[in-house]
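Under this note's numbering, residues 608 to 787 are what the sequence shown spells out, in order.
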Amino acid sequence: MNPAPHLVLVGPMGAGKTSIGRRLAARLGLPFTDMDERIEARAGAKVTTIFELEGEAGFRAREREMLDEVLHAPCQVIAAGGGVVLADDNRRALRERAFVVLLEVGVEGQLERLARDRTRPLLQRDDREAVLRDLAQSRAALYADVADLRFATDGMKPEDAAIALGHLVDAQWHRSEAAA
């Protein structure tokens, strides 16, 4: 059992962090937070607009601030953005204050799930497959660095994934109280 105040879902875009996270939180009787949605609400702008106006560095600064905020709130399930692991401070905070589940999906699964999604700033390029492969390669070790549990979502419906993941989480995560 890993005691931690929060359950955080990390992984590449299209892995199911938000869709599985909402269902998992409901099954566990916990609040759910999607960090990208919270960043958008606070900024009054979509992630794509933040990237356009502030660049990736501006978005990552907002992401670091939001991660610190949600990790100091009461116990919850958190869907982190795919790039949250890029910053050393974020990885340290995740290791210290969260039970981290890495949702894994192959590039083919990502392409299928993201086929009609035009809201991902990093995918606003011609060769989406190459971008996804490059991101997977560059982030794999960073995800592994923070993951307490790995869960493959390829071919799974969000509800089925939430049920299966819920059983694993129940066996491996001990909720501790969040400290300020």
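C-beta atoms are modelled at their ideal positions from N, C-alpha and C, and glycine is treated no differently.
Small disclaimer: the values here were computed from a predicted structure and weren't measured.
Check	Outcome
Sub-9 Å separation of Leu709 and Gly618 beta-carbons	yes
Residue nearest to Thr760 in terms of C-alpha spacing, selected from His613, Pro612, Val677 and Thr625	Thr625
Per-residue DSSP class, three states only, for Leu710	strand
Close-in-space but distant-in-sequence residues of the same chain around Ala754 (CB under 8 Å, 5 per side omitted)	Val617, Val707, Val708 and Leu709
9 Å Cβ cutoff met for Met620 and Leu742	yes
Beta-carbon gap between His781 and Ala705 smaller than 9 Å	no
Exposure label - Glu711; buried when at least 16 CB within 10 Å	buried
Backbone secondary structure at His781 - three-state DSSP	strand
Neighbourhood of Leu701 by C-beta distance below 7 Å, restricted to the same chain and skipping five residues each side	Val615, Val707 and Val753
Leu631 versus Ala686 - alpha carbon distance	11 Å
Contained alpha helix (DSSP H) runs [length at least 4] in the region 672-712, N- to C-terminal order	695-704
Neighbourhood of Thr640 by C-beta, 6 Å cutoff - its chain only, sequence neighbours within 5 removed	Val677, Gln683 and Ile685
Alpha helix (DSSP H) segment containing Ala633, residue limits	Lys624 to Leu635
Inter-residue CB distance, Ile627 and Ala768 (contact presumed, cutoff 8 Å)	5 Å
Residue span of the beta strand (DSSP E) that contains Asp641, given as start and end	Phe639 to Asp641
Ala759 - containing beta strand (DSSP E), residue span	Leu756 to Ala759
9 Å Cβ cutoff met for Gly690 and Ala622	no
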